[in-house]
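Trainee: Below: one structure in structure tokens.
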Amino acid sequence: MKIAVYPGSFDPITNGHLSILRRGLDIFERVIVAVAVNPEKSGLFSIPERLEMINEVIANLPGASVDTFDGLLVDYVESVNSNVILRGLRAMSDFEYEFQMALMNRRLKRRVQSVFLMTDYKWFYVSSTIIKEAAALGGDTNGLVPQVVARRLREKFGLPPKTK
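In this text, residue positions in the sequence shown follow the numbering used here: the first is 104, and each later residue adds one.
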């Protein structure tokens with residue numbers, strides 16, 4: 104079975120992330136959404152909250168699962184019997200950073216490969232950071248994130264529930 108690891112903070116998961124995940128599942132039999140645990144960094148959503156949202160979002164995606172990791176990504180990749188890191192790219196600036204990371208990961212573990220998928224054009228501008236900033240100011244994030252995430256963002260920022 105060919106397994107890919109799709110790492111990130113996913114704070115929160117966006118429709119852009121889901122697009123990469125779905126396309127990854129077209130290539131790999133299994134894709135593990137690996138939420139990075141960094142005790143030095145506090146996110147908007149706790150790790151358990153992120154896992155809960157991701158689990159809800161991927162419930163109907165056969166082959167998708169979610170897990171957490173800390174330490175070196177390449178060590179985690181090998182621990183789940185994989186040798187593939189799946190990454191999404193939005194812009195050239197993403198590529199420059201991801202290229203450096205891929206080279207370092209290859210230096211650390213020669214057998215671990217990075218596979219890059221370009222984001223769909225409609226998600227080009229979407230990032231977790233922009234989503235959080237918009238939501239914090241009362242912006243509508245519907246259509247940019249899964250419904251469960253939009254609802255949790257409204258709750259987190261004390262905004263009224265979305266009306267139909």
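Here a beta-carbon is modelled for each residue, glycine too, at the ideal position from N, C-alpha and C.
Starting from methionine 156, trace the alpha helix (DSSP H) both ways and give me its first and last residue.
Mentor: Taken as a continuous stretch (DSSP letters only), the alpha helix (DSSP H) holding methionine 156 covers 150 to 161.
Trainee: What residue does the beta strand (DSSP E) around threonine 171 start on, and which one ends it?
Mentor: Its beta strand (DSSP E) spans residues 167 to 172.
Trainee: Quick one: residues in its chain with C-beta nearer than 6 Å to the C-beta of isoleucine 161, no 5 flanking neighbours on either side, listed in chain order?
Mentor: Ala167.
Trainee: Can you tell me whether alanine 239 is buried or exposed, with buried defined as 16 or more other CB within 10 angstroms of its CB?
Mentor: Classification of alanine 239: exposed, given that the 10 Å Cβ count is below 16.
Trainee: Can you grab the Cα-Cα spacing for the pair glycine 174 / glycine 241, in whole Å?
Mentor: Whole-angstrom Cα-Cα distance: 35 Å.
Trainee: Can you check whether the CB of serine 122 is closer than 7 Å to the CB of aspartate 223?
Mentor: The answer is yes: Cβ separation under 7 Å.
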